[in-house]
């Protein structure tokens with residue numbers, strides 16, 4: 001279980017203030033001996049850690065820390081956000097269970113906290129600084145000082161609970177936590193693609209209207225109330241109708257106003273040619289001249305054309321008013 005810092009199992013040094021700056025002087029001395037690249041503060045390549053992927057495991061949420069990078073990566077970083085230090089070693093079995101869990105949680109945290117991995121064999125001064133008696137030991141650093149810790153490989157739910165308590169307590173003190181949480185809240189969640197729609201859209205794109213119609217119909221058979229599929233099916237059926245109609249349909253309809261089939265085909269052609277208002281007007285005039293089943297047929301065709309457009313479209317709104325006037 002989680003060990004508070006004043007109970008057995010937590011390094012004794014954590015029960016009081018720990019002067020983390022002591023490592024800075026030692027690191028600077030080592031950098032001067034190591035040469036210009038070390039003096040610049042450049043950390044050595046990631047060692048990989050017990051999780052296997054090291055800093056690459058969860059992007060910038062997981063970093064490998066050495067004595068030379070301790071000040072920048074842990075102390076200074078903790079002034080802005082929570083830093084969780086994972087003290088591990090290659091020979092430690094529980095470390096191999098715990099580190100992957102911590103890396104996973106860090107990757108899911110959207111930057112609200114950072115996991116700093118420290119190989120205690122390669123960096124004994126860091127483990128001495130924390131008074132580590134056993135590993136794995138996990139230390140939470142905020143504002144340049146340890147604020148809590150536990151040792152041993154805890155289950156993921158307990159680790160989440162421990163982290164959530166820390167984040168709640170530190171949210172108003174560390175700006176990086178609140179900024180990360182606000183960023184996560186503002187970030188839109190991308191919905192996974194529906195393979196059924198992808199199949200239908202691909203068929204429509206390659207001109208296979210029959211396959212597209214069948215794909216959308218399968219969606220509606222399973223989900224009769226699926227409005228997206230309904231709208232798409234209307235579009236596909238209209239495209240098929242328009243493709244089959246005679247290119248001279250408009251001229252034929254104008255030459256014989258009594259030819260009902262010609263009027264319907266002409267309206268489809270006009271919509272396909274973006275002459276939407278002319279198509280609506282043609283069918284409304286036909287409704288005024290007809291009655292009974294013929295009138296019902298034209299009305300249903302017109303309503304089907306309405307469904308190809310946004311209900312708020314001004315052209316649809318006007319045509320609906322004109323249709324009401326023609327019917328009543």
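Residue numbers (the UniProt record's numbering): 1 to 328.
All C-beta atoms in this analysis are idealised placements derived from N, C-alpha and C, irrespective of residue type, glycine included.
What you are looking at is a predicted structure, and each value in this text was computed from that prediction instead of being measured.
For the pair residue 86 and residue 105, the CB atoms are not nearer than the 8 Å cut-off. Between residue 273 and residue 225, the alpha-carbon positions lie close to 31 Å from each other. When beta bridges are read from the DSSP output, residue 115 appears opposite 62 and 84. Counting along the chain, residue 287 sits inside the alpha helix (DSSP H) bounded by residues 276 to 289. Beta bridge pairing from DSSP links residue 109 with no other residue.
Beta-bridge pairing by DSSP links residue 150 to 138.
Residue pairing of residue 145 in beta bridges, as defined by DSSP: 142. Around the beta carbon of residue 318, fewer than 16 other beta carbons sit within 10 angstroms, so the residue counts as exposed.
Relative to residue 232, the option among 131, 316, 309 and 323 whose CA is nearest is 309.
Collapsing the DSSP output to three states places residue 273 in coil.
Proximity to residue 99 across 91, 113, 112 and 117 peaks at 117, based on C-alpha coordinates.
Within the same chain, and ignoring the five residues on either side of residue 137 in sequence, the residues whose Cβ sits closer than 6 Å to its Cβ are 87 and 151.
In this structure residue 128 is exposed. Its beta-carbon is surrounded by fewer than 16 other beta-carbon atoms within 10 angstroms. Taking a contact as a CB-CB distance under 8 Å, the pair residue 220 and residue 239 does not count as one, their CB atoms being some 17 Å apart. For residue 269, same chain residues with a beta-carbon under 7 Å away, outside a window of 5 residues either side, are 242, 245, 249 and 250 in chain order. Nearest neighbour of residue 170 by Cα position, chosen from 154, 192 and 143, turns out to be 143. For residue 71, no alpha helix (DSSP H) encloses it, and the DSSP letter there is neither H nor E. Residue 316 and residue 199 have their C-alpha atoms some 30 Å from each other.
Taking a 10 Å sphere around the C-beta of residue 123, we find 16 or more other C-beta atoms and assign the residue as buried. Taking the C-beta atoms as reference points, residue 77 is found no nearer than 8 Å to residue 84. Sequence-distant partners of residue 283 (beyond 5 residues in either direction) whose C-beta falls short of 6 Å from its own C-beta, in its chain, are 267, 298 and 302. Burial is judged here by how many other beta carbons sit within 10 angstroms of a residue's own beta carbon; residue 212 has at least 16 and is buried.
Counted as a single uninterrupted DSSP element, the stretch harbouring residue 206 is not any alpha helix (DSSP H), since DSSP gives it neither H nor E. Counting the other CB atoms within 10 Å of its CB gives residue 328 a total below 16, which places it among the exposed residues.
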